[in-house]
Amino acid sequence: NNDFKIAVLPGDGIGPEVVQESVKILNVISEVFQYKFQFKYGLIGAEAIFQTGNPLPDDTLELCKKSDAVLFGAIGDPSFDNNPDAKVRPEQGLLKLRKELGLFANIRPLKTYPSLIEKSPLKQEIIEGTDIQIFRELVSGIYFGEKFTEENEAYAYDVCRYSREDIIPIVHMAFQEAQKRRKKVTLIDKANVLDTSRLWRKICREIAQEYPEVELDFMFVDNAAMQLILNPKQFDVIVTENMFGDIISDEASVIGGSIGLLPSASIGESNALFEPIHGSYPQAKGKGIANPVASILSVAMMLDHLKLEQAANKLRESVEHAIENKYVTIDLNSKQPYSTAEVGDFIADYIKFSEKSYYN
Ligand code: IPM
Ligand code: MN
Numbered sequence: 003n004n005d006f007k008i009a010v011l012p013g014d015g016i017g018p019e020v021v022q023e024s025v026k027i028l029n030v031i032s033e034v035f036q037y038k039f040q041f042k043y044g045l046i047g048a049e050a051i052f053q054t055g056n057p058l059p060d061d062t063l064e065l066c067k068k069s070d071a072v073l074f075g076a077i078g079d080p081s082f083d084n085n086p087d088a089k090v091r092p093e094q095g096l097l098k099l100r101k102e103l104g105l106f107a108n109i110r111p112l113k114t115y116p117s118l119i120e121k122s123p124l125k126q127e128i129i130e131g132t133d134i135q136i137f138r139e140l141v142s143g144i145y146f147g148e149k150f151t152e153e154n155e156a157y158a159y160d161v162c163r164y165s166r167e168d169i170i171p172i173v174h175m176a177f178q179e180a181q182k183r184r185k186k187v188t189l190i191d192k193a194n195v196l197d198t199s200r201l202w203r204k205i206c207r208e209i210a211q212e213y214p215e216v217e218l219d220f221m222f223v224d225n226a227a228m229q230l231i232l233n234p235k236q237f238d239v240i241v242t243e244n245m246f247g248d249i250i251s252d253e254a255s256v257i258g259g260s261i262g263l264l265p266s267a268s269i270g271e272s273n274a275l276f277e278p279i280h281g282s283y284p285q286a287k288g289k290g291i292a293n294p295v296a297s298i299l300s301v302a303m304m305l306d307h308l309k310l311e312q313a314a315n316k317l318r319e320s321v322e323h324a325i326e327n328k329y330v331t332i333d334l335n336s337k338q339p340y341s342t343a344e345v346g347d348f349i350a351d352y353i354k355f356s357e358k359s360y361y362n
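Residue numbers for the sequence shown, in full-length UniProt numbering: 3 to 362.
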């Protein structure tokens, strides 16, 4: 099968701008490698609320369910961030989409690029050669537990709940990934305080028996927050619950030099979604300064998922070529910045002209 249905959800803020570059890249890839991508666009987030009153309209959900992959931009808008009373919020659209599609595993790879080492505020010798895969559980925990605000707002709560079934699949994925890598899994938790964390530990220990060649390590999340920037090279595969994963992945992005570089894949039984880990960055909206690399690298993860590894590798090589040649946006080169579209064009052209088969 060389024909793929891609649901495109640009979303809010810089989402549409970065997704446009990703679509550009997919079009070039289809030309060079002879695949067919059918793009269908859907509304989500603040944009969807403004137009329909619903952060995830039914037809968007249907579109995603029927797709081979979802390409997602970003979500969030200051008019909601500044209004805690808003009952309908953009983020609910993404959370519902993750839940409805059963996207239980959010994979966030992190590595350093030699030419960007000095962009990180951390010391070169500390971060050089870092290569981490974060596996963040995405459809359970405190994000999805019971929520309540008492009438007179005297108190509120959010319940963190995990079942065995919620934990087992992502832990297996993490171990399988570690087997292909440096054979170490670190569970980040708060097992000295939380019952849910103790359940995670128990299950990780059980599952580790099935992967005798992989070392299993535990780390409390507060210590992990420190260790990540003190000695990031100690980590290979990290597995963690939903909220810890959200927090430490933003922290970890400092190692790479810009959050604008980091892609992610959200994988379920029968659907998959690909999105940058960054947010909607409303201050940059429409200015053409957003870094498209996180979205473009999410496309590489999409190509891997669709088993188009050759194209995925070519795309990663092209992104590296752009970065090594300082063809980057203002977050990575303030002296001679290129625009969002220029970076996209550069990567697209490199794919085209470096691929010999294109001339045959
Ligand atoms: C992310 C984002 C989301 C999350 C928000 C927008 C709901 O921060 O994908 O990391 O918290 O999961
Ligand atoms: Mn986040």
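C-beta: ideal position from N, C-alpha, C; glycine also. Just so you know, these numbers come straight off a predicted model, no measurement behind them.
Gly75 and Val25 look like a contact to me (Cβ under 8 Å); what is the Cβ gap, rounded to whole Å? Incorrect: roughly 11 Å between the Cβ atoms, too far for contact.
With Arg200 as the anchor, note down where its alpha helix (DSSP H) starts and where it stops. From DSSP, the alpha helix (DSSP H) with Arg200 extends over Asp197 to Ala210.
Anticipated Cβ contact below 8 Å, Gln229 with Met221, distance rounded: 7 Å between Cβ atoms; contact.
Which residues share a DSSP beta bridge with Asp133? Residue pairing from DSSP places Asp133 in a beta bridge opposite Lys113.
To test your reading of the DSSP string, which unbroken beta strand (DSSP E) runs of 3 or more residues are found completely within the segment 199-287? Segments of the beta strand (DSSP E) lying fully in the segment 199-287: 217-222, 239-242, 265-269 and 274-278.
Are the beta-carbon atoms of Ile353 and Val10 separated by less than 9 Å? Cβ atoms of Ile353 and Val10: not closer than 9 Å.
Could you please give the first and the last residue of the uninterrupted beta strand (DSSP E) stretch that includes Phe106? For Phe106, there is no enclosing beta strand (DSSP E), as DSSP gives it neither H nor E.
Can you list, in chain order, the residues of its chain with a C-beta nearer than 7 Å to that of Phe39? Leave out the 5 residues immediately preceding and following it. The residues are Phe6, Ile8, Leu28 and Ser32.
Three-state class that DSSP yields for Lys316 in the structure shown: Three-state DSSP puts Lys316 in a helix.
Closer than 9 Å to chain D by CB, Leu103: Protein chains in the displayed structure number just one, and chain D is not present.
Straight-line CA distance for Lys289 to Leu218? Rounded to the nearest angstrom, the two C-alpha atoms are 45 Å apart.
Sub-9 Å separation of Ala176 and Gln135 beta-carbons: Yes, Cβ-Cβ distance for Ala176 and Gln135 is below 9 Å.
If we call anything under 9 Å between Cβ atoms a contact, is Glu277 one with Leu140? Going by C-beta atoms, Glu277 is not nearer than 9 Å to Leu140.
Is Gln36 helix, strand or coil by DSSP? DSSP, read as helix, strand or coil, puts Gln36 in coil.
So, under 8 Å CB-CB, Ile205 and Ile169 are touching, yes? Tell me the CB distance rounded to an integer number of Å. The C-beta distance from Ile205 to Ile169 rounds to 5 Å, short enough to meet the 8 Å contact threshold.
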